[in-house]
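Undergrad: In the working numbering, the protein residues as written are 1242 to 1546.
Before we start, here is the structure in question, set down as structure tokens.
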Ligand code: FES
Ligand code: ZN
Ligand code: ZN
């Protein structure tokens, strides 16, 4: 196989684009895809203060690398979730994130959930008897926004990729969760006090491409999957979408972008009419009821833990 740009030996094939690229032109392609997404959805500008949620995985590290190459100055924030004990999942991904930042002289801020809020994700999952990923998602969303807001950032940048977003959309469609479908957008504007604008520049990039990008760029990332994913239906939906994609390359992208281009506005309008936000009585962040879900979790953990 030969690179479609320079005809040198190819390193990767991207079937949904009917394209093969050598290493350099693949990097180029990735940068262009991210640039185009940022531009099309008017996500952010280089003079804004940008904070990236960094997990130590392939997506956030690849995105940090690409944004830096594109000339954006982006700080990172890593949330220590306390998963897997001393040498487990959280500490190894944290180490990889720290190494990446150090090598490139980037600013990585670390927030320890246990120190700041008094609990770890395994403790919260045990106490609430909920699937770990659901308390984890809630906590990450809250803490990332809080840090971005309190530290004066204009935009919170997230590493969600095409596979993540297509799987989320499929999951919410299977259950017709109108509220979540209404909120699934490339940009979540800072509509209420306390909420920071949130953007997803990797929308056009598949998981396999961020992995290939890291390998070809020599970026060490956390390869292991989180040990707490049991019960996460998103993973099964991803496998299912992958089977469909293998038969019909481009299907995932068509599903997600068909929604974003043709249907998401209608869902967002319907969602806005339904939901009225008030300030959380404890922390002041926008919420739909008196005390926000994270503050309720925190109270429960301090009572029960
Ligand atoms: Fe959140 Fe695994 S990373 S539950
Ligand atoms: Zn080439
Ligand atoms: Zn609150």
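No residue lacks a Cβ here, since even glycine has one placed at the ideal position from N, Cα and C.
Considering only C-alpha positions, which residue in the set 1319, 1278, 1274 is nearest to residue 1428?
TA: Position 187 of the chain shown, counting from 1, holds the residue named residue 1428. Closest option to residue 1428, Cα to Cα, is 1278.
Undergrad: Measure the C-alpha to C-alpha separation of residue 1288 and residue 1396 and round it to an integer number of angstroms.
TA: As a position in the chain shown, residue 1288 is number 47, starting the count at 1. As a position in the chain shown, residue 1396 is number 155, starting the count at 1. Roughly 11 Å separates the two Cα atoms.
Undergrad: With a threshold of 7 Å (Cβ to nearest heavy atom), would residue 1254 be considered close to ligand 2?
TA: Here residue 1254 refers to the residue found at position 13 of the chain shown. Residue 1254 Cβ: outside cutoff for every heavy atom of ligand 2.
Undergrad: Per DSSP, residue 1225 forms a beta bridge with which residues?
TA: Residue 1225 is absent from the structure shown; the chain starts at 1242 and stops at 1546.
Undergrad: Which residue comes first and which comes last in the beta strand (DSSP E) that contains residue 1292?
TA: Counting from one through the chain shown, the residue named residue 1292 turns up at place 51. Start and end: 1291-1294.
Undergrad: With residue 1548 as the anchor, note down where its alpha helix (DSSP H) starts and where it stops.
TA: A question about residue 1548 goes unanswered here, because the residues of the chain that appear run from 1242 up to 1546.
Undergrad: Taking the alpha carbon of residue 1529 as the point to measure from, which residue in 1517, 1537, 1348, 1523 has its own alpha carbon closest?
TA: Sequence index remark: in the chain shown, residue 1529 carries index 288 (1-based). For the residues 1517, 1537, 1348, 1523, the minimum Cα distance to residue 1529 belongs to 1517.
Undergrad: Nearest by alpha-carbon distance to residue 1525: which of 1430, 1373, 1434 is it?
TA: Translated into positions along the chain shown, residue 1525 becomes position 284. Answer by Cα proximity: 1434.
Undergrad: Compute the Euclidean distance between the alpha carbons of residue 1430 and residue 1437, then round it to the nearest angstrom.
TA: Here residue 1430 refers to the residue found at position 189 when the chain shown is read from its first residue. Here residue 1437 refers to the residue found at position 196 when the chain shown is read from its first residue. Whole-angstrom Cα-Cα distance: 7 Å.
Undergrad: Is residue 1450 near ligand 2, with its Cβ less than 7 Å from a heavy atom?
TA: In the chain shown, residue 1450 corresponds to position 209, counting from 1. No, the Cβ of residue 1450 stays beyond 7 Å of every heavy atom of ligand 2.
Undergrad: Rounded to the nearest angstrom, what separates residue 1260 and residue 1304 at their Cα positions?
TA: Start at 1 with the first residue of the chain shown, and residue 1260 comes out as number 19. Start at 1 with the first residue of the chain shown, and residue 1304 comes out as number 63. Spanning the two alpha carbons is a distance of roughly 21 Å.
Undergrad: Short of 7 Å in beta carbon distance, which residues of its chain neighbour residue 1307, apart from the five on each side in sequence? Order them along the chain.
TA: For the purposes of this step, residue 1307 is taken as the residue at position 66 of the chain shown. Only 1271, 1272, 1275 meet the Cβ criterion.
Undergrad: Quick one: grab the DSSP three-state call for residue 1394.
TA: Counting from one through the chain shown, the residue named residue 1394 turns up at place 153. The answer is coil: DSSP assigns residue 1394 none of H, G, I, E or B.
Undergrad: Work out the CA separation of residue 1519 and residue 1461 for me, nearest whole Å.
TA: Taking the chain shown and counting its residues from 1, one reaches residue 1461 at position 220. Taking the chain shown and counting its residues from 1, one reaches residue 1519 at position 278. If I take the Cα positions, the gap works out to 42 Å.
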